[in-house]
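Protein chains in written order, with the working numbering: chain A, 1 to 163; chain B, 1 to 626; chain C, 1 to 230.
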Amino acid sequence: MSTVVEDTLDEILDRYTDEPRYLVESLQDIQQTEGYLSQNSMCAVSERLRVPLIEVYRVANFYRAFSLKPRGRHVITVCTGTACHVRGAPRMLDEVAGQLGVEPGETTDDGLFTVETVNCLGACALGPVVVLDGVYHHHMTPAKLRKLVTRLRKAEKEAKSHA
Amino acid sequence: MHKLAPLPVPKLSSVAELTALRKELIARCQTETATVTLCGGTGCQASGCRAVVDAVEAELARQEVADTVQVRVTGCHGFCEQGPLMVIEPGNVFYCHVQPDDAAEIVAETIVRGRVIDRLLYQDPVSGEKVRTEREIPFYAAQDQVLLGQNKRIDPTSIEDYIAEGGYSALAKVLSGIAPEQVIEQIKASGLRGRGGGGFPTGRKWESCRAAGDGNGRYVICNADEGDPGAYMDRSILEGNPHAVLEGMIIGAYAIGADQGYIYVRNEYPLALEHARTAIEQAQEYGLLGESILGTSLAFDVEIARGAGAFVCGESTALMASLEGKVGEPRPKDVHTVKQGLRDRPTTLNNVETWANVPVIINRGPERFAAKGTPESTGTKVFALTGRVKNTGLVEVPMGTSLRTIVFDIGGGAADGATVKAVQTGGPSGGCLPLSKFDLRVDFDTLTRAGSMVGSGGMVVMDQNTCMVDVAKYFLTFLQDESCGKCVPCRVGIDRMLEIVTDITEGRGRPEQLDLLEELAETVAETSLCALGKTAPNPVLSTLKYFRREYEAHIEEKKCPAHVCRALIRYEIDEKTCNGCGLCRKACPHGGISGEKKKLHVIDQSKCVKCGICRDVCKFDAVTVA
Amino acid sequence: MIQYVTISLDGAKVRAVKGSTVLDTALGYGFCIPHLCHMPNFSGLGACRLCIVDVVKNGRGKVTTSCTLDVEDGMVVETSSDKVRRLRKNVAELLVAEAPNSRAIQDIAVRCGVEEVRYPFRNKDCVLCGRCVRVCAEMWQAKAIGFVGRGKQRRVDFPFGVRPSFCKMCLSCVDLCPMTITPCDGPMKPGEEYLCGKCRSQLTMNEESPATCVQCDLGKGFGCSRATVA
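Structure, rendered in structure tokens:
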């Protein structure tokens with residue numbers, strides 16, 4: 001199994017056909033390729049892996065790695081682990097709440113940003129940590145976060161006007 | 001990555017072939033004149049070590065010394081806040097905060113001419129002096145890096161490095177004539193206890209599992225779900241030395257009689273996942289996993305499984321449920337998992353650090369292992385020392401070291417001129433211990449008696465700016481979020497405890513609530529189905545025990561002594577100190593500060609959410625909180 | 001061939017069928033251990049924690065749920081020790097504070113000795129006992145409903161929140177739901193919930209003989225083992 005999954009839904013389902021024990025793995029692969037779990041893909045998994053539909057739905061709702069709605073183009077993940085917490089992680093959430101108007105788990109109306117929290121990334125000595133589109137940023141402050149988000153917004157605007 | 005040309009992969013079909021290979025690999029290493037080691041752990045990656053590696057390799061080529069210099073990117077050294085880290089041999093020169101632009105000078109001065117660059121040296125925050133070599137770094141020198149030491153010398157993506165360092169010699173020793181029962185006796189004699197938090201005697205666990213077999217196969221599992229926030233020892237070991245974990249598992253499988261193993265890695269550790277996968281592939285290529293390991297009759301293979309974001313899956317029965325493709329709901333442990341575990345088969349589940357200690361015990365012998373630590377808690381333990389302390393990072397010390405030694409001598413004491421108030425150990429299952437208890441020795445039983453626990457090894461240092469009631473609220477919130485929700489005491493009990501603590505932090509606390517909190521805590525601890533619920537009351541109970549006055553201040557005076565609880569504090573701008581620079585106005589995320597240039601700025605209390613960002617950015621200390 | 005073991009139940013040595021649970025054994029002998037999520041002939045969930053007992057096995061004592069505990073030879077079980085009664089009362093208090101609008105749960109709370117509720121009442125219409133889920137999955141094999149969500153968000157739901165075609169509207173789930181019986185005076189108004197306790201007159205025996213069946217509302221129609229025996 002490769003680390004980076006860029007297979008189609010069919011390729012993923014082929015890999016796990018008739019193997020109910022790979023339910024979590026298959027949904028992880030789909031989440032990575034498609035960015036979220038659609039009703040369609042969950043029904044397909046139920047059929048191909050021979051797992052009752054309610055079980056697929058349960059697993060999709062239980063684990064935080066899965067989102068049942070499409071996420072924004074940019075995912076901002078704020079670490080809220082203990083070490084980051086005592087170094088001021090709540091302020092990052094205040095910052096995005098003010099700047100973007102969204103709470104953790106929500107996506108901005110323009111579909112650009114999704115804010116999520118994670119309960120520890122294991123980079124505790126460098127806290128507060130914020131991950132932006134898979135890139136780790138350390139020793140974050142609300143001001144640095146504001147700058148990053150503003151820069152991204154600007155880039156998106158420019159891309160749009162060029163299109 | 002600059003590497004020596006790989007040898008053609010031989011499937012090792014005997015112990016003798018492994019020994020011969022090791023000799024050959026060691027001989028090849030001796031042709032280098034210099035080695036540049038860079039830490040490639042997650043922390044240093046976040047600090048940009050990749051760019052430094054590229055720059056160094058480019059410079060070595062440009063300055064035409066690439067042929068005799070080995071560049072090695074290793075696993076996590078545990079000193080993350082100082083990264084990117086670099087060690088140069090010969091000379092054992094230690095550089096920290098290395099940037100790509102430094103590469104040219106490093107190659108020209110240190111590698112070619114053997115001269116040290118002063119500005120890249122580590123400055124000890126306690127003594128103020130510059131330290132030249134890695135060996136002399138006080139943070140490292142005070143540790144006993146039995147496990148972490150290997151991280152510094154091994155490229156985790158190279159099985160050859162591991163073998164050259166002596167890797168798989170414990171397996172070879174075992175397969176050269178030690179009976180499985182004898183291996184179990186050695187683990188028992190070592191006194192090794194589970195490093196994941198349970199502290200259960202490992203040898204006894206293996207023995208029960210072996211005895212429970214009925215001929216239909218057993219499983220071994222490595223629990224790499226490290227969910228305790230603030231703990232990253234397992235990340236560093238699995239990322240930095242995955243073969244040590246594998247070797248431990250293979251030895252365990254041999255001793256117990258298992259034919260299949262799993263490493264369950266939380267998906268928040270992508271680098272550990274990648275390195276573990278690579279290690280398994282390499283071990284399979286070399287005949288160290290699969291059928292007929294090293295030419296013997298031992299057949300054992302390992303599969304990787306990914307966690308999907310659930311702290312409860314660190315609990316063994318929930319982890320096994322997840323491995324079976326189900327939701328991570330724990331089940332009662334009236335029949336232990338060593339008898340009926342994964343797919344109802346006898347299963348031995350151990351933590352990453354526990355598995356990594358196995359080759360150490362076999363190689364050095366159980367007596368040498370047991371000579372460190374205390375009689376009841378033998379060996380060394382890796383701790384993650386984080387929070388409001390000067391030297392944050394991974395600390396490996398013998399069990400029985402005092403909290404004071406760890407926090408002050410190794411950790412350097414409080415950061416930013418503050419005063420240490422408490423240390424939180426054991427993650428959400430553990431408790432907070434006050435400064436007055438810092439002479440306590442850190443071992444499984446001592447900390448548990450004091451109301452906390454060693455847990456997986458997380459240690460978060462707190463100072464006078466930390467509110468202990470807020471800490472209790474933080475952990476209850478965490479556990480409420482992570483509870484699977486099946487049983488009433490955990491799902492509802494934690495929620496009600498949080499309701500009470502929230503009342504207290506928001507000024508609605510009543511004295512009788514403290515008694516109710518204690519009674520509810522006992523109920524949750526005694527009646528919850530699994531360890532998540534059973535240990536959930538610990539943060540509340542320990543803070544009540546040692547910091548009751550903070551609770552009382554919140555309840556009786558409606559004040560938060562540490563100025564943290566937002567409902568009980570008020571931010572104001574002091575008119576004498578404010579010079580109207582406007583920094584706070586720009587920084588406020590809710591537009592709650594107004595004022596003209598060079599004139600006094602004012603906080604609109606109706607908009608203020610007490611986040612404290614204004615106080616952080618003010619350069620003149622004009623923002624007060626009371 | 002049925003095999004038997006001997007266990008001690010509140011001091012009495014009784015013969016138990018190997019493979020049965022402590023709860024089923026106790027109920028079969030007329031010992032009432034309060035329970036909510038247990039249903040005879042269905043899998044034990046261990047969710048409500050009301051059926052907890054003190055058990056000593058191989059010299060080790062612990063508190064655990066009797067519905068998930070298989071009998072073992074030599075086991076010593078205390079169903080109503082002071083400790084267990086105190087813990088059970090606190091659990092029942094949590095339950096009735098969540099859902100006071102259920103006659104069955106009110107009965108159980110008083111049966112477990114709850115006299116005052118020290119938490120603000122909530123008015124949930126589901127206590128996640130899992131009776132509905134198990135009857136759908138284990139009796140009818142339909143699996144049309146299940147526990148969805150984690151922790152506080154846990155709820156019983158259909159896949160995607162929509163009743164699937166393979167739900168045949170058998171209404172077994174409704175039949176077994178403890179929430180479908182209202183207190184004798186009718187549903188409580190939100191904000192005016194209280195611990196009813198009127199059935200206390202039936203429960204005076206509770207203090208003297210805690211293991212006696214009191215014909216609580218859970219038994220009358222929800223398939224409590226006692227109801228089938230009586």
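Using N, Cα and C, we set each Cβ at its ideal position, and we do this for glycine too. In this text, all values refer to a predicted model and were calculated from it rather than measured experimentally.
Taking the C-alpha atoms as reference points, what is the distance between residue i and residue j?
i, j, result
"B:S14", "B:L192", "29 Å"
"B:K205", "B:P138", "38 Å"
"B:Q282", "B:S292", "16 Å"
"B:Y232", "A:A89", "18 Å"
"A:K160", "A:E106", "23 Å"
"B:M1", "B:V71", "Confidence is the limiting factor: at B:M1 the pLDDT is only 37, short of 50, which leaves the residue's position unreliable, though a coordinate-based value still follows. The alpha-carbon atoms of B:M1 and B:V71 are separated by roughly 8 Å."
"B:D118", "B:G592", "46 Å"
"B:T133", "B:V107", "17 Å"
"C:V63", "C:V55", "6 Å"
"C:R103", "C:F31", "22 Å"
"C:R118", "B:E519", "11 Å"
"C:A231", "C:T65", "Given a span of 1 to 230 for chain C in the structure shown, any question on residue 231 of chain C remains unanswerable."
"C:G221", "C:T180", "Because C:G221 carries a pLDDT of 49, less than 50, the predicted location of this residue cannot be relied on, and no value is offered for it."
"B:V454", "B:V395", "14 Å"
"B:R266", "B:T401", "30 Å"
"B:L273", "B:P539", "31 Å"
"B:P375", "B:T535", "26 Å"
"B:N92", "B:G149", "14 Å"
"B:A626", "B:R570", "6 Å"
"B:I500", "B:G341", "37 Å"
"C:N90", "C:I52", "12 Å"
Among all the DSSP beta bridges, which residues are the ones paired with residue i?
i, result
"C:I52", "C:T65"
"B:Y262", "B:I221 and B:E303"
"B:Y286", "Answer by DSSP bridge pairing: none, since B:Y286 is not bridged."
"B:E396", "B:V382"
"B:N351", "B:N223"
"C:R60", "C:K57"
"B:V389", "B:A414"
"B:C432", "B:Q424"
"B:T35", "B:Q70 and B:E89"
"C:A16", "C:V5"
"B:M462", "B:A422"
"C:E78", "C:D54"
"B:Q123", "B:K130"
Within the continuous alpha helix (DSSP H) that includes residue i, where are the two ends?
i, result
"A:L9", "L9 to Y16"
"A:H138", "Per DSSP, A:H138 belongs to no alpha helix (DSSP H) and is neither H nor E."
"B:T405", "Taken as a continuous stretch (DSSP letters only), B:T405 belongs to no alpha helix (DSSP H), as it is neither H nor E."
How would you write the range of the beta strand (DSSP E) that residue i sits in, first residue to last?
i, result
"A:C79", "H74 to C79"
"C:I7", "Y4 to L9"
"B:V469", "Run containing B:V469: none in the beta strand (DSSP E); it sits in the alpha helix (DSSP H), M468 to E482."
"B:T19", "Careful: B:T19 lies outside any beta strand (DSSP E), inside the alpha helix (DSSP H) at V15 to C29."
"B:G48", "From DSSP, B:G48 is part of no beta strand (DSSP E); its letter is neither H nor E."
"C:D157", "R155 to D157"
"C:G146", "G146 to V148"
"B:V625", "V623 to V625"
Exercise for the section: Write down every uninterrupted run of the alpha helix (DSSP H) in the stretch 149 to 204 of chain B whose length is 4 residues or greater and which is fully enclosed by it, in chain order. Expected result: 159 to 164, 169 to 175 and 180 to 190
Practice task
Select from the stretch 26 to 48 of chain A all residues with a C-beta closer than 9 Å to any C-beta belonging to chain C, and list them in chain order.
Solution key: Q39, M42, C43 and S46
Exercise for the section: Could you name each continuous alpha helix (DSSP H) segment of 4 residues or more that falls completely within the stretch 517 to 603 of chain B, going from the start of the chain to the end? Expected result: 531 to 535, 538 to 546, 548 to 552 and 583 to 587
Exercise for the section: Anything in the stretch 149 to 160 of chain C with a Cβ closer than 7 Å to a Cβ of chain A? List those residues in chain order, please. Expected result: G149, R150, P159 and F160
Handout entry: the stretch 467 to 484 of chain B: positions lying closer than 9 Å to chain C by Cβ
Key = L479, Q480, D481, E482, S483 and C484
Handout entry: Residues of the stretch 484 to 498 of chain B with Cβ closer than 7 Å to any Cβ of chain C, in chain order
Key = C484, G485, K486, C487, V488, P489, R491, V492, G493, D495 and R496
Handout entry: Near-chain A residues of the stretch 304 to 330 of chain B (beta-carbon distance less than 9 Å), N- to C-terminal order
Key = I304, A305, R306, G307, A308, G309, A310, F311, C313, S322, L323, E324, G325, K326, V327, G328 and E329
Exercise for the section: For the stretch 45 to 121 of chain A, list the beta strand (DSSP E) runs that are entirely contained and at least 3 residues long, ordered along the chain. Expected result: 74 to 79 and 113 to 118
Problem - Proximal residues, the stretch 166 to 187 of chain C versus chain B, C-beta separation under 9 Å - result: none
Problem - Members of the stretch 132 to 150 of chain C that neighbour chain A once the beta carbon cut-off is set at 8 Å - result: K143, A144, I145, G146, F147, V148, G149 and R150
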